Every structure is written in structure tokens, then in C-alpha cells.
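Only one structure is covered here, and it is reproduced in the block below.
2 protein chains.
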Amino acid sequence: MTSVEEPARPNGRIRDAARTRAEILDVATQEFARAGYDGARVDEIAARTRTTKRMIYYYFGGKEQLFTAVLERSYGVIREAEQGLDVEHLDPVAAIRRLAELTFDHHEAHPDFIRLVSIENIHGAAHIAGSEKLGRIGSPALDVIRRILESGRESGLFTADVDAVDLHAMISSFCFFRVANRHTFGALFGRDLVDPAQREHYRSMLGDMVIAYLTADRTTD
Amino acid sequence: MTSVEEPARPNGRIRDAARTRAEILDVATQEFARAGYDGARVDEIAARTRTTKRMIYYYFGGKEQLFTAVLERSYGVIREAEQGLDVEHLDPVAAIRRLAELTFDHHEAHPDFIRLVSIENIHGAAHIAGSEKLGRIGSPALDVIRRILESGRESGLFTADVDAVDLHAMISSFCFFRVANRHTFGALFGRDLVDPAQREHYRSMLGDMVIAYLTADRTTD
DNA sequence: TAGCTAACGTACTGGTTCGTACATTAGTGA
DNA sequence: TCACTAATGTACGAACCAGTACGTTAGCTA
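Chains U and E are the protein sequences, given in the same order.
Read in the numbering used here, the first sequence has 183 at position 183, and its numbers run on one by one without any break.
Every number in the numbering used here is 221 more than the matching position in the second sequence, counting from 1.
As C-alpha cells, this is what we get:
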């Protein structure tokens, strides 16, 4: 999330469309993630901004479109992160583990994004469906997984009959659950899934799980 | 969810505290699951009931307490289901697979419950924290996992150093994600994770994953 | 420097929504 | 059968909240 800081200017109205727009998006991201779509208050977002509610409607049109814009930017951030991943030089096992770890790290580093995705699912992904930008956002991670799977199978290391999308779901599910459900899980089972002291434990657990699944001895099946 | 049906009585006011209470809970479960806590409307719940809004406040006190009651009953349903599972007679590998399948089936059969848990996580599990009933609900599944893990490790079949709570998290994460995130996942990747035609595929994928993790050859680590 | 427009602010409205005051009745026990 | 209470219904209020009508100004350009 690109946060907006300004070198305390003299008072009086300053005009900067880009800054105002970005600041609204920043605050809206926090507010929607904090309270959900219906729980979020347009007035509250405006109050925590250096501008007014009028500007939210001026730039985004309404609460619904603002939420869509928040989603679009948040998804854009992961896509960028995914585009930066470079694991082609590693052997398939190491490459998959590295990819899983990157997913793990990204989920942990962006709890607000995880919450937004949960919220969007409560609403049946209606905003994604209504957004052209999100429709064609794709996923660089999928292409990477596809290539790793291929080379892993060629070399005989990977025995699992699984495609990139399903493997992505498997990796994401663990990372997502750990962050998204930490509150109920903690309250019910007394274990904090995002306890920093257990971070390495869960991180390697994920890698072990995925590698074990991909390389399991299937001759006896 | 125990749904309430009545043999169409002659009109006129009927007094049945238990029925009225149960009917409110049924409708509230649907409405909260449909729209989230803040999106749900008390008037809407009342309208879809054979009683009035007044009764919701009479029996539950308010929207917040109604949601807590809905959660309490929903969690009670799984606990009951878990108590019915009988896998002690199976060998550890088969027992774990069976347990994973039961979790898989339960998640798929209760999408409303999954949504409620997502919603409760958005609110930081505040209602669970404020409920005595939910605080001491425990989890029969955990005891079962504990025993299976022990016997699996004794016989040398299981090599993974994992405890019951973490294994439960691993199994739940896959089952939960598949149902909770099906909308965004479907919209972004064009794959329906709850497509009935793919049900067996994902069900066995989960079992394979967990078993592979537990029994992986760790001599080379 | 005049004028134009994108950017911004204020003040308000209309509908919504949780919650309640007050009235009523079904069923039960004396 | 009478009275009492748990259960129910009606009508309303007060706060909240998304959205807007209308007015203002900063900064650019001709």
C-alpha cells in the first residue's frame, strides 16, 4: 500500500488530485478491512482524510465503486509482488518451496488484503465480477507454478497428478486460513497461528506439506 | 440446522416460546450468513418469521446477542457431528483420511456456517470471546486426532513432528478455503472449487496431501 | 491578468434501521 | 372461572448514514 505523506505545508487549500485520490484509497482500504463493506462508514473514511466526503463521490462515484477501487489496487499489489518472483534457476523442489514461502510471506505481510478478500467473498465476489480491471488481472504465480510442475514431472521428481490452479489453491488455503481465521481459531483452540515465535514452524510446515504431496511415493497406490 | 415446520394451524395467535425462538434463530442464521453482521437487517429477519421484531428483542436482547446465539448453535452442530465420528478401529492412515473426509464433507454441507465463521473473523472473534458457551465448547475432533497421531507415530508410520491442533489447522484450511473463497477464486481463476464434478478430485487431494505430509520419508532431511 | 475549469468545502436531506413504549391476549394455576 | 403472567403485536422515535445541491477557490492558460 503506497502511503501518502506530505511535508507539512502552510494551511490553506492545496490542490493535488493524485494525492487526494491516493489518500482516500489508503484510508478506505483500512476502514473497509477493519469493519467490512457494510460496517465501513463513508463519513469515517472522509474524516480520516485531509479532504471531505464530497471528494469521495467526486473521484469514485459512491461507496460501492470505492470498494471496487480498493480491491483493484490491493490485487494489483500482489500481482506486482508475484511478477518479481524469480525461481526459474532453482531445481523444482526448491522452486516450489520458495514459491510457497513467498505466498506465506505475502499473506502475513498483508492482513488487510486478506480481510478484503474475505469480505469480497461474503458478497459473492460481486465487485470483482463488475470490474474490468480485475477480470483480466491474471496471475503471474500461476505461470510460474505451471513451468515448475512441468519440469518437476519431466525429471520424475513430482509424482502428483495436479495442475497449477489446484496447487495454487492448496498453497493459498494454508496461508489464507492462518491469517484470515486466526481470531476464531485462537479463541476456540487457544493457539495463535500468527505468533511470531511460531512463524518458522508454520512456514516450513507449509513447504513440507506441499513437497510431500508432490513427491509422495505413489507406486503402491 | 433444525428447521421448524408447523402443521398449518387456524389463524390467530399461537404461543410457543420454543418454536418462536427456534424460528428466529433459523432465519437469523440465513440472513447473517447472506449479508454479514452489518449487512443483515433485524427487520428483514423479523419479516421472514411468523413473529415480529419485538420478539427478537424479547428473546435475545439485541442484534449482537442474536448473532452470538446463531454462532453458538452453529458451532454446536459441528461439535455434535464430530462427536459421532468413529475411526478408532481403523489403522492410523485410514483413520486420518477418514477424519479429513468428514471435515471436507461437513464444510461442504454447511456453507452458511463457513460464512458465519468468516464474518466472525472480520469482527475479531468478539462474539466468541464474549460467549461463555463458546469458550468451553472444545473440539472432540482434536482428541481423536491426538489419539490417531500417537498410534501412527508409535507404529512408525507417521514421521511428521506435528501436533493435533496444527494438523487440524492444516485439514481445516483446505476445506475452509474451498468453500469460503470459492467466489473470488472462481472469478479470478475461472475454476469452481465446489463444482460437484470435481468433488471427488478435491476430496482425495486433501487426503493425499495430509497422508503424504504425515508419512513422508524424512531420512534425507 | 482575466477568465476558465478542475478541485474542493459546507450544509443539508431523505430514507433507513435499531431499538422501545405501550397495548393486548393466550394459556395456566388457584 | 378468574386472575395473573409469559408471550405477542403495533406504532413510533431518534440516530445514523449514503448521497447531493450549491457555493467557492486554486492554479493554469490565453
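Every residue, glycine too, gets a C-beta built ideally from N, C-alpha and C.
Remember, predicted model here, so these are calculated numbers, not experimental data.
Query: What first and last residue would you give for the alpha helix (DSSP H) that runs through E/His422?; Result: Arg420 to Thr436
Query: Measuring only the C-alpha atoms, how far is U/His110 from E/Leu414?; Result: 24 Å
Query: With 16 other CB atoms within 10 Å as the buried threshold, where does U/Gly207 fall?; Result: buried
Query: Using only alpha-carbon positions, find the residue among U/Asp16, U/Arg15, U/Gln65 and U/Ala28 that is nearest to U/Ser131.; Result: U/Gln65
Query: Assign E/Ala249 to buried or exposed, taking buried as 16 or more other Cβ atoms, counted over all protein chains shown, within 10 Å of its Cβ.; Result: buried
Query: Could you tell me the alpha carbon to alpha carbon distance between E/Glu421 and U/Leu214, rounded to whole angstroms?; Result: 18 Å
Query: Looking at the unbroken alpha helix (DSSP H) that takes in U/Thr20, where does it start and where does it end?; Result: Ala17 to Gly39
Query: Taking Cβ to Cβ, would you say U/Leu157 is nearer than 8 Å to U/Ala33?; Result: no
Query: Check whether chain E comes within 8 Å of U/Ala169, counting only Cβ atoms and requiring the distance to be less than that.; Result: yes
Query: Check whether chain U comes within 8 Å of E/Arg412, counting only Cβ atoms and requiring the distance to be less than that.; Result: yes
Query: Examine chain E for any beta-carbon lying closer than 8 Å to the beta-carbon of U/Phe67, and answer yes or no.; Result: no
Query: Is the Cβ-Cβ distance between U/Phe185 and E/Ala256 less than 8 Å?; Result: no
Query: Between the beta-carbon of U/Leu142 and the beta-carbon of U/Ala164, is there less than 8 Å?; Result: yes
Query: What does a CB cutoff of less than 8 Å around U/Pro140 pick up in its chain, not counting 5 residues either side in sequence?; Result: Arg79, Glu82, Gln83 and Leu85
Query: As a quick exercise: from U/Tyr59, U/Arg203, U/Ile145 and U/Gly76, pick the residue whose alpha carbon is nearest that of U/Glu88.; Result: U/Ile145
Query: Any beta carbon from chain E within less than 8 Å of U/Ala187's own beta carbon?; Result: yes
Query: Please report the distance separating the alpha-carbon of E/Arg446 from that of E/Gln251.; Result: Nothing about residue 446 of chain E can be reported from this structure: the residues present for chain E run from 222 to 442 only.
Query: Give me the Cβ distance between U/Ile122 and E/Ile340, rounded to the nearest whole Å; I'm assuming they're in contact under 8 Å.; Result: 6 Å
Query: Whose C-beta lies closer than 6 Å to the C-beta of E/Ile349 among residues of the same chain, with five residues either side of it excluded?; Result: Leu355
Query: Have a look at U/Ser204, U/Asp166 and U/Cys175 and flag the residue whose alpha-carbon is nearest the alpha-carbon of E/Phe410.; Result: U/Asp166
Query: Note down, in chain order, every chain E residue with its Cβ under 8 Å from the Cβ of U/Glu120.; Result: His404 and Thr405
Query: Out of E/Ile317, E/Ile358 and E/Phe397, which one is the CA nearest neighbour of E/Arg368?; Result: E/Ile317
Query: In chain U, which residues lie less than 9 Å from E/Ile349 when you measure between Cβ atoms?; Result: His183, Thr184, Ala187 and Leu188
Query: What is the rounded straight-line gap between the Cα of U/Phe177 and the Cα of E/Arg424?; Result: 18 Å
Query: With a threshold of 8 Å between beta carbons, is U/Ser74 in contact with chain E?; Result: no
Query: Would a check of beta-carbon distances place U/Phe113 closer than 8 Å to chain E?; Result: no
Query: Report the three-state DSSP secondary structure of E/Glu309 (helix, strand or coil).; Result: coil
Query: Just checking: is the beta-carbon of E/Val291 within a distance shorter than 8 Å of some beta-carbon in chain U?; Result: no
Query: Can you tell me whether DSSP reads U/Arg153 as helix, strand or coil?; Result: helix
Query: For a contact meaning CB atoms closer than 7 Å, what does U/Val165 contact in chain E?; Result: Phe410 and Arg412
Query: Where does U/Asp91 land, buried or exposed, given buried means 16+ other C-beta within 10 angstroms?; Result: exposed
Query: Identify whether U/Ser3 lies in helix, strand or coil by the three-state DSSP scheme.; Result: The predicted position of U/Ser3 is uncertain, since its pLDDT is 41 and thus under 50; a value taken from the coordinates is nonetheless stated next. Here U/Ser3 sits in coil by DSSP.
Query: Do U/Thr103 and U/Ile24 have their C-beta atoms closer together than 8 Å?; Result: no
Query: Comparing alpha-carbon positions, which option in U/Ala197, U/Ala160 and U/Asp105 lies nearest U/Cys175?; Result: U/Asp105
Query: Using a Cβ-Cβ cutoff of less than 6 Å, which residues in the same chain neighbour E/Gly373 once the five nearest sequence positions on both sides are dropped?; Result: Pro313 and Phe379
Query: Please give me, in chain order, every unbroken run of the alpha helix (DSSP H) with length at least 4 that falls completely inside the region 88 to 119 of chain U.; Result: 92 to 109
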